[in-house]
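First up is the structure itself, then whatever we jot down about it.
There are 2 protein chains.
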Amino acid sequence: MFVTGHNGPPDGDPAAATASIRDVASAAGVSYQTVSRVINNHPNVSEKARQKVNDAIALLGYRPSRAARALASGVDRAVTVLTSNNSLFGYAETLGGIEEAARAAGIQVAIRVLESDRADDVAAAVEGVSDPRSGAVIVLAFDRAGARALRALPANVRSSAAAESYLGRRAPAADRDRWAWFDDTIAAEQATVHLLELGHKTVHHIAIPSTTNVGDRQRGWKRALVSAGAPVPEVIHPHGWGTAGAHQEALRLLRDPAVTAVLCGNDDQALGVIRAAHDLGLRIPADVSVVGFDDVPAAGFYTPALTTVRFDFAGLGRRAFDLLMNSQAPEPAPLEKPALVVRESTGPAPLRRTGKTTSDKDDR
Amino acid sequence: MFVTGHNGPPDGDPAAATASIRDVASAAGVSYQTVSRVINNHPNVSEKARQKVNDAIALLGYRPSRAARALASGVDRAVTVLTSNNSLFGYAETLGGIEEAARAAGIQVAIRVLESDRADDVAAAVEGVSDPRSGAVIVLAFDRAGARALRALPANVRSSAAAESYLGRRAPAADRDRWAWFDDTIAAEQATVHLLELGHKTVHHIAIPSTTNVGDRQRGWKRALVSAGAPVPEVIHPHGWGTAGAHQEALRLLRDPAVTAVLCGNDDQALGVIRAAHDLGLRIPADVSVVGFDDVPAAGFYTPALTTVRFDFAGLGRRAFDLLMNSQAPEPAPLEKPALVVRESTGPAPLRRTGKTTSDKDDR
DNA sequence: TCCGCCGGTGTTATCGCTAACACTCTAGCC
DNA sequence: GGCTAGAGTGTTAGCGATAACACCGGCGGA
């Protein structure tokens, strides 16, 4: 059926073969360069020719070869997302946002996961995506591994970053355009203020592993405390991002009757705290208030329903993609501001905390 | 520095350019075909030549061009994962398993999400991945959209499928080798038996949207009931996979004092049921037992901790990849069997259910 | 001793497309 | 009327690799 190419199936059924640009050209009665112009939307093509070519394309079921395109132009129309744990809600949603935007733009999305934040793993991942011919890269810099990868990325690969807060303080101004991020500090501050306004003397903070030594959430939390004249307790750093670590730490933390409000680094941690409170016989929010971050879909159905900060992760992903492709655009893709969602897990500070721990004075 | 190619940066800094196979060849003093043989592990290359070529590769920082390879060989070393909702735990984990296996094999992973199970969306997605030159495809057939896409996939694209149960009953035997799946029926049966053995007269079932009219979980659940001589209640079909739909349905279902055990289609739904029980003043497991599916990381920290069926999703992903690439291998990648994890949400059947609904006789 | 096989290597022809340049023709200008 | 500008199209030369084939030498068997 088609004369060019090795696109035909190895055995028989020539109908399944793929048409090349030349087949289209001869069917349309133009040179194959004109076909190339049409599929690339070049301006200087007569309407008549464009029509003929498009008809031929439809007739033959022609599909441009990504490989040939990439080879001839020197760069693939693709973006690789570098991420460390794509099962976490925020990561998965961000990836989804990127994919959505990329799909609309006709650009392929590849993924590459970072095994850990160890130097060799980061280096291997960066090496795997550092070929500028393979297209652009978006780094999910929510954690240390991502932040390191981003730093290690060679300057000659087009890239942008999605992060929960701006990590490029020391970067030149021009580089800022490569970042999509939330104002994490203000979000944390608002959540803390919410608790303070409920009458809590202070707010304890269980943190997620940060990209930096002092995360921006921690900064906002501290700012709220200081400006309210509240004491600033030591930050708790459980192991990892998960529920288990926070649960374990909370089991110790909540024994202290002075602890009446806990701001957690994410919803999973908050769930661990809720469970720890339950284990200790404490009521939420009567004895202790809990706030999370992220607003995972299940958060509204926890018992009690979780007060948390909602992030527009999908929007973040779309914006990161947008920054990559249309840095010229007057306005990058819109991004909802983080918003505190008040549910059941926060309430007025208790006059006096109840629960069995009040009587349990055996712990130090 | 390098003489061939347009790989150099547009302006200056030739050191950043990319070496081509020819540069390597001349540096090693061999023909570029020999270089090709070395990077493709062809057998007939002398150890000496191989050594020289590898040295030159390291020296020049040579990296093969994926595009050129794909163009010349006719097929890209890539696999595209077709998935409908990559934020759900099982999907994300499976994707992670695929990525892990693909990374080890040096194969790129791309993703393409299915917007919905509407015919046009499915067709568009399938169209987007049906170019055999773009590499293989793995379909996540956990839902109707995935199952439809898999059916619509042309025979000439290499593909495999990951599913929660085997959907290819009517497929020819050879096609079965393309499937990675769990024995969902047995898993559901075991979970149901667990509840029956606790003394529950029957088990109600809240289902997730199935790929087929009668899901395999439903089949296993029914089998257990029938063989125990227990009545088979009508299956509840909430809207979607989420917590909200299950919560809403459970609010109605649990009003019936005869309902003492609920088997949910996934952990999110189970959370909705737990919350509904709480809303109705019912205790779990004293009044009603709840079982989920998936064992999401948070399940062990719900209040009460959820009894659920654990699935090895990452293993499923690895196996799906394995089936695609090494169908020759004597043994596909190992896959853990689904396993019931008993925690706090299941307990002996109540003699008589308590809770305010017992007195609330206003509902029909 | 001659032949043929085969390990090891080089040569040639594509793969399907884009980019740069060349060419033709018409319209608009002085 | 001659000239130029520019729209519209065709021609040519790669992009960086793979595959098929050709070639060359040494070895073992007849």
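If you read the protein sequences in the order shown, they are chains E and H.
Residue numbers for the first sequence follow the working numbering, so the first one is 18 and each next one is one higher.
Residue numbers for the second sequence follow the working numbering, so the first one is 18 and each next one is one higher.
Idealized CB from N, CA, C, for every residue including glycine.
Asked	Found
Candidates H:PHE318, H:LEU131, H:GLY309, H:PRO321: closest to H:ALA356 by CA position	H:GLY309
Cutoff 8 Å: E:GLU361 Cβ touching any chain H Cβ	no
For H:VAL130, the three-state DSSP class (helix, strand or coil)	strand
Sequence-distant residues of its chain with Cβ nearer than 6 Å to E:GLN125 (five each side left out)	ALA95
Three-state secondary structure (DSSP) of H:GLY257	coil
Residue burial classification, H:PRO248 (beta-carbon count within 10 angstroms, cutoff 16)	exposed
Spatial distance of H:VAL313 from H:GLY232 (CA atoms)	21 Å
Pick from E:GLU206, E:ALA127, E:ALA180 that is closest to E:ARG165, judged by C-alpha positions	E:ALA180
Distance between beta carbons of H:PRO226 and H:ARG161, contact taken as under 8 Å	6 Å
Beta-bridge pairing of H:ALA309 - partner residues as DSSP gives them	First, the residue type needs correcting, since residue 309 of chain H is Gly and not Ala in the sequence shown. Answer is H:THR325, bridged to H:GLY309.
Under 8 Å (Cβ pairs) to chain H, residues found in the stretch 283-308 of chain E	ASP285, LEU288, GLY289, ILE291, ARG292, HIS295
Residues, ordered as in the chain, of the stretch 310-344 of chain H that lie near chain E by beta-carbon distance below 7 Å	PRO314, ALA315, PHE318, THR320
Among E:VAL154, E:ASN283, E:ILE155, E:ASP304, the one whose alpha carbon lies nearest that of E:HIS217	E:ASP304
C-alpha distance - H:ALA197 paired with H:ALA366, whole-angstrom precision	37 Å
Through-space distance from E:GLY332 to E:ASP40, alpha-carbon basis	41 Å
H:HIS295: first and last residue of the uninterrupted alpha helix (DSSP H) it sits in	284-296
Backbone CA spacing between H:ALA36 and E:ALA109 [nearest angstrom]	36 Å
Per-residue contacts from H:GLU116 into chain E (C-beta, under 7 Å)	ILE128, VAL130
For H:LEU170, three-class secondary structure by DSSP	coil
Three CB pairs or more closer than 8 Å across the stretch 72-83 of chain E and the stretch 142-159 of chain E	no
Distance, H:LEU105 Cα to H:ALA267 Cα	21 Å
Test: E:GLY257 CB closer than 8 Å to a CB of chain H	no
Short CB-CB distance (under 8 Å) between H:HIS264 and chain E	yes
Residue(s) in a DSSP beta bridge with H:ILE7	As displayed, chain H neither begins before 18 nor continues past 381, which places residue 7 of chain H out of reach and without an answer.
Chain H contact residues for E:GLY113, given Cβ-Cβ distances below 7 Å	ASN103, SER104, VAL130
Contacts around E:GLU132, its chain only, beta-carbon distance under 6 Å, and the 5 residues preceding and following it disregarded	ASP138
E:ILE223 - partner residues in DSSP beta bridges	E:ILE253, E:CYS281
Simplified DSSP state of E:ALA8, which is helix, strand or coil	With chain E covering only 18 through 381, there is no way to say anything about residue 8 of chain E.
E:GLU181 at chain H interface by Cβ criterion, 8 Å	no
Range of the contiguous beta strand (DSSP E) that encloses E:VAL358	356-358
Own chain partners of H:ARG369 with C-beta closer than 7 Å, once the 5 adjacent residues on each side are dropped	none
Proximity below 8 Å, CB of E:THR363 to CB of E:THR324	yes
C-beta atoms of H:LEU99 and H:LEU157 nearer than 8 Å	yes
Nonlocal neighbours in the same chain, by C-beta distance under 8 Å from H:LEU170, ignoring five residues either side	VAL143, VAL146, SER147, VAL154, VAL156, SER176
Chain E contact residues for H:ALA166, given Cβ-Cβ distances below 8 Å	Going along chain E, no residue has its Cβ under 8 Å from H:ALA166, so there is no contact; the nearest lies around 15 Å.
Distance between H:GLU206 and E:ARG150 (C-alpha atoms, nearest Å)	52 Å
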